[in-house]
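Just so you know, the sequences run in chain order G and D. Residue numbers for the first sequence, in our numbering: 14 to 417. Residue numbers for the second sequence, in our numbering: 2 to 285. Beta carbons: idealized from backbone N, C-alpha and C, even for Gly.
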Amino acid sequence: MKKILTISMILLLAAGFVWAAGEKEEAAAPAAAVAEEAFTVTEWEVPFLNCLTGPIASIGEYLQWGAERAAWEINQAGGINGVPVKVTGIDTAMSPETGTVEMAKLTETALVAMGPVPEPVIMAAMPIAVRSGLYSFTATTSFEYAEKFFPWSISWFSPTDEKLPPVVTAWAKKSPDIKNVVQFVENYGAWPGMAAAHVIGLEAAGVNVLDQIDVPSDAVAFGPLVVKALAENPDGIVFAANAEKVAKIILELQSRGWEDNSKLLVFSSADDGALYTTGGDNLNGVMIYNYVDPGLDTPRWQEFREAFKADHEGMEPFSLSPNYYDAVYMIKEAIENTGVTGDPSKLKEERILIRDYCNNVQNFQGLFFDWSNKDGVPLDKPLFLFQIENGQKVLVEKVIPSNK
Amino acid sequence: MSLPLYYYLAITSIYILMTWALYLPYRVAHLHFMVVANMAISGYFGGYAATQWGWPFGLALLVGIAIGAFISFLVSFGIGDAPTFAVVIVGFTFIYITKTAIENWDVIGGTMGMFGIPVVKNLLLYVYIFVLITGFFIYRFDNSRLGRAASAKFVDRDLATSFGVNTKYLGMFLQTWAGAIGGACGVFYAFLMNSLFPDFFTFHIIGTTMTMLFLGGYTTLWGPLLAAPILWGLPLILPTGVASWKQIIYGIILIVILLLRPEGAVTRKFLRKLQVKLKLVKMA
Numbered sequence: 014m015k016k017i018l019t020i021s022m023i024l025l026l027a028a029g030f031v032w033a034a035g036e037k038e039e040a041a042a043p044a045a046a047v048a049e050e051a052f053t054v055t056e057w058e059v060p061f062l063n064c065l066t067g068p069i070a071s072i073g074e075y076l077q078w079g080a081e082r083a084a085w086e087i088n089q090a091g092g093i094n095g096v097p098v099k100v101t102g103i104d105t106a107m108s109p110e111t112g113t114v115e116m117a118k119l120t121e122t123a124l125v126a127m128g129p130v131p132e133p134v135i136m137a138a139m140p141i142a143v144r145s146g147l148y149s150f151t152a153t154t155s156f157e158y159a160e161k162f163f164p165w166s167i168s169w170f171s172p173t174d175e176k177l178p179p180v181v182t183a184w185a186k187k188s189p190d191i192k193n194v195v196q197f198v199e200n201y202g203a204w205p206g207m208a209a210a211h212v213i214g215l216e217a218a219g220v221n222v223l224d225q226i227d228v229p230s231d232a233v234a235f236g237p238l239v240v241k242a243l244a245e246n247p248d249g250i251v252f253a254a255n256a257e258k259v260a261k262i263i264l265e266l267q268s269r270g271w272e273d274n275s276k277l278l279v280f281s282s283a284d285d286g287a288l289y290t291t292g293g294d295n296l297n298g299v300m301i302y303n304y305v306d307p308g309l310d311t312p313r314w315q316e317f318r319e320a321f322k323a324d325h326e327g328m329e330p331f332s333l334s335p336n337y338y339d340a341v342y343m344i345k346e347a348i349e350n351t352g353v354t355g356d357p358s359k360l361k362e363e364r365i366l367i368r369d370y371c372n373n374v375q376n377f378q379g380l381f382f383d384w385s386n387k388d389g390v391p392l393d394k395p396l397f398l399f400q401i402e403n404g405q406k407v408l409v410e411k412v413i414p415s416n417k
Numbered sequence: 002m003s004l005p006l007y008y009y010l011a012i013t014s015i016y017i018l019m020t021w022a023l024y025l026p027y028r029v030a031h032l033h034f035m036v037v038a039n040m041a042i043s044g045y046f047g048g049y050a051a052t053q054w055g056w057p058f059g060l061a062l063l064v065g066i067a068i069g070a071f072i073s074f075l076v077s078f079g080i081g082d083a084p085t086f087a088v089v090i091v092g093f094t095f096i097y098i099t100k101t102a103i104e105n106w107d108v109i110g111g112t113m114g115m116f117g118i119p120v121v122k123n124l125l126l127y128v129y130i131f132v133l134i135t136g137f138f139i140y141r142f143d144n145s146r147l148g149r150a151a152s153a154k155f156v157d158r159d160l161a162t163s164f165g166v167n168t169k170y171l172g173m174f175l176q177t178w179a180g181a182i183g184g185a186c187g188v189f190y191a192f193l194m195n196s197l198f199p200d201f202f203t204f205h206i207i208g209t210t211m212t213m214l215f216l217g218g219y220t221t222l223w224g225p226l227l228a229a230p231i232l233w234g235l236p237l238i239l240p241t242g243v244a245s246w247k248q249i250i251y252g253i254i255l256i257v258i259l260l261l262r263p264e265g266a267v268t269r270k271f272l273r274k275l276q277v278k279l280k281l282v283k284m285a
C-alpha cells in the first residue's frame, strides 16, 4: 500500500509539472479557424452573469426580466442587423468561486457579457474579464467598483461623492428647519461611501450631522439603535441600510413618537419591495431618492411597466429592473454602429469595438432618459427626489448633478 | 490548459485543503470552524503584503501559514481540550470578529474590498504541490501513534486519557496544524481571485466543506479528495435548470449518504477491503 501511495504521489507531482508547463492564465485564443467565406452570425448571444438562486434571487430575477424584455422587443422589431438576440442567464448563486469559473468560460467565446451581480462576484470574476479582454456591463454596481476594472467595465452611475450630495442638499432645503441630522448606516459594500456623500450634501445645505448610527447586518431588533439616535435630538434622519431594516427602523421611530415623515430620507439602495411590504402605510410622507422616475409618462416606459406588472402579479418594477434592459439596447446600438460581425476569428477586435463605443456613447436613448458616457462614466444622469404616498413614489424634484 | 479548467482545479484544491483543515481537528471530535477566520486573516494579510509592501507570493504564503498557525495555537490554549460545542462557538465567534474587523478597517479596503492583488504564474502548480505535501503529512499522521491516539480520543476521551494520551496537547497540535492550512488557503485564495471581499469568508465555506467532509468520509483523508472535485464541480456541468436545484441535490445526496454510509463514502473499512483486494490481485 505504501509503495502504491508513494508511486501515486510521484506520478501526481509529475502530472502537475506537465500541467504547469502547459498552463495559461490568459484566455485561450478564439477557437474558430479563419473562414474562407464571409462569416454569418445566426444569433447574438449575450451572456448575463446573474444571481438567479440564493439570497438575492428575487433581485436577479428582476434584472433578468429586464434584459430578456429588451431582447424580446428587439427581436419583435427585427433583431440586431436582422439577427435575433438572446440573453442567456448564468447563475452564480452569489458564489465568487462559481463566478470565476463561469466568467472564465465566457472569456473563450463571448463577444460581450453582462454582470456580474453583485459585488462579491464582481470582485472575483472581473479580474478574469480584464485579463482576457472581455467587456462586461457591471450595470448595477457603484462607480467605485466599476472603475477598478476600466476600461473593461462600464459604470451606470457617476462617482458617488459627485452625484449624491446635490439630491441630499435638495432634500435638506425642502425643510429649512432641519438643522441637525443623524444617519443610520449599514456597513456593506459601497453604502458607507454613499453615507459619506450624504454628509457632503448635508453640510452643503448647512445641516449639522450629529452622529452615524451603525446598523449591524444581522440586527433583528432596532429599539436600542433608535433610542441612541433619538437621544441626539435630530431634526431629520437619513437611512443608508438594507430596505427591510430601514422600514423596521422607521416603524420603531414612529412608535417612539416621530411624527414628521418628510424629515426622513431613504437612500436609493433601500428602494425595493421589502421597504414597502414591511413599512406599508407607515411610510407615507417619507422621502426617498433614486435614479429613475416610475411616474414618467412615456409609451415605452408604460409598456415596460405594464408588462412587468403582468408578469409579477401587479408589482411595480424594481428600480434596477431597467438597467440591463438599457444594457441590451446599448449592445444592440454598439453592434449596429460599429459593424461588428460576430465572427469568432475577429473576437478580440470586435470586443474592443463594442467596448470603445459603449464607454463613449453619445445621447443613448435609455428607457427613462438619454445620456452620454465619457470613458465609461455617465455624464448627465439625473437623480429624483420622491415622497412616498400609498406605496407609490411621487416626484418632488429632479436633480442633475454636474460632473462634465 | 483552458481558463475554466484552471479555475476549477485551483478552487478544487483550496476546497480539498479547507476540508482537510476541518478533518484534522475532527479526528478528535472538534468542529474547528476557526479555520475560516484563519483563511480570512491570512488572505487579507497576503493581499496587503503583496499590494502595499511588494512582497512576493512565496513570502506572503509562508508568513500567512505562520499567522494562521500562531493564532490557532494561541486560541488552542483555551479550547484544545474543550467540548465540541465550545470549539464550534469559538469558531463562529472568530468568524464574526474577523469579518467585522475587516469591514471596519479601511486600510485593507473595509466594506469595499481589496483590489489589484498580483497574478502569480504557476499558482496551480504551487497549490497542488502544497496539497501533495499536506496530504503526505496527514497520511503519516493517520498511520502514526498520534493518529491512533486521536482515534481513541474520538471514541472516548476518558478512555484515551487512561491510555496516557495527553488530549489537550493533541487537540492543540491538530488545531494549530489546521490553522496553518487555513492560513495557506487564504493566501492561495487571495492570489487566485486577485481581489478580496469580506463576504468571501463566511458561513458558506463551512457549509460546503462540512458537506465535503461528511459526504466524502470523515475517517480518512481520502474522502475530501473524492468529494471536493465532485461536489464543487457538479453544478458547473449540470444544465442551468438543474444546477439551480443544487442545494436540494446536495441535501438529498447528504441524506442518502448519511442513511446508507454514515461515515461517508470513503471509510477505513472500505480502504482495508481495497487494500486486501489489491494484495490479492498482486498475488495472483
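Annotation note: the region 141–223 of chain D contains the following uninterrupted alpha helix (DSSP H) runs of length 4 or greater, listed N- to C-terminal: 146–156, 158–163, 168–194, 204–217.
Excluding five sequence positions before and after residue 314 of chain G, the CB atoms of its chain that fall closer than 7 angstroms to its own CB belong to 380, 381, given in chain order.
In the three-state DSSP reduction, residue 253 of chain G falls in the strand class (E or B). Within chain D, 236, 237 have C-beta atoms less than 8 angstroms from the C-beta of residue 111 of chain G, given in sequence order. For residue 327 of chain G, there is no enclosing beta strand (DSSP E), as DSSP marks it with neither H nor E. Unbroken alpha helix (DSSP H) runs of no fewer than 4 residues, entirely contained in the region 55–99 of chain G, are found at 70–89, following chain order. Of all residues in the region 196–207 of chain D, those with a C-beta nearer than 9 angstroms to a C-beta of chain G are 196, 197, 198, 199, 200, 201, 205, reading in chain order.
Across the structure, residue 27 of chain D and residue 33 of chain D are spaced so that their CA atoms are roughly 7 angstroms apart. DSSP lists G:197 as the beta-bridge partner residues of residue 226 of chain G.
Annotation for residue 221 of chain D: 143, 267, 268, 269, 272 place their beta carbon closer than 8 angstroms to its own, counting only its chain and skipping 5 residues before and after.
Relative to the Cα of residue 96 of chain D, the nearest Cα in the group D:224, D:235, D:263, D:37 belongs to D:37. Taking the beta carbon of residue 75 of chain G as reference, no residue of chain D falls within 8 angstroms; the closest one sits roughly 16 angstroms away. For residue 136 of chain G, the enclosing alpha helix (DSSP H) has its first and last residue at 132–145. Contacts between residue 194 of chain D and chain G, judged by CB atoms closer than 8 angstroms, involve 109, 113, 136, 137, 140 in chain order. Straight through space, the alpha carbons of residue 294 of chain G and residue 304 of chain G are spaced by roughly 23 angstroms.
With respect to the C-alpha of residue 117 of chain G, the residue from D:141, D:125, D:9 having the closest C-alpha is D:9. The criterion of a C-beta distance shorter than 7 angstroms is not satisfied by residue 355 of chain G and residue 112 of chain D. Put simply, the CB of residue 5 of chain D is near chain G, with a gap under 7 angstroms to one of its CB atoms.
In the same chain as residue 100 of chain D, and ignoring 5 residues on each side of it, the C-beta atoms closer than 6 angstroms to its own belong to 199, in chain order. The straight-line gap separating the alpha-carbon atoms of residue 213 of chain G and residue 24 of chain D is approximately 51 angstroms. Within the region 199–216 of chain G, contact with chain D at the beta-carbon level (separation under 8 angstroms) is assigned to 200, 201, 202, 203, 204, 205, 206. Listed along chain D, the residues sitting closer than 9 angstroms to residue 117 of chain G by beta-carbon distance are 3, 4, 5, 6, 7, 8, 9. Between the region 153–167 of chain G and the region 182–190 of chain G, the count of Cβ pairs shorter than 8 angstroms is below three; the stretches do not touch.
Sequence-ordered contacts of the region 40–53 of chain D with chain G are nonexistent [C-beta pairs closer than 9 angstroms].
For a Cβ distance threshold of 9 angstroms, nothing in chain D lies close to residue 56 of chain G: the least Cβ distance comes to about 17 angstroms. Contact between residue 164 of chain G and residue 372 of chain G is confirmed by a C-beta separation of about 6 angstroms, below the 8 angstroms threshold.
Annotated as distal: residue 155 of chain D and residue 22 of chain D, with beta-carbon spacing of 7 angstroms or more.
By a beta-carbon distance limit of 8 angstroms, residue 125 of chain G contacts residue 367 of chain G. Their separation comes to about 5 angstroms. Cβ contact annotation for residue 204 of chain G (same chain, cutoff 6 angstroms, sequence separation greater than five): 253, in chain order. Separation of residue 145 of chain G and residue 267 of chain G (C-alpha to C-alpha, rounded to the nearest whole angstrom) is 53 angstroms. If only complete runs of 3 or more residues are kept, the region 89–142 of chain D shows no beta strand (DSSP E) anywhere. Within the region 278–336 of chain G, the runs of beta strand (DSSP E) at least 3 residues long that lie entirely inside it are, in chain order, 300–303. Under DSSP, residue 384 of chain G forms a beta bridge with G:377. For residue 154 of chain G, the closest of G:142, G:143, G:170, G:147 by C-alpha to C-alpha distance is G:170. Looking from the CA of residue 236 of chain G, the closest CA among G:219, G:261, G:121 belongs to G:261.
With fewer than 16 other CB atoms across the displayed protein chains lying within 10 angstroms of its CB, residue 245 of chain G is exposed.
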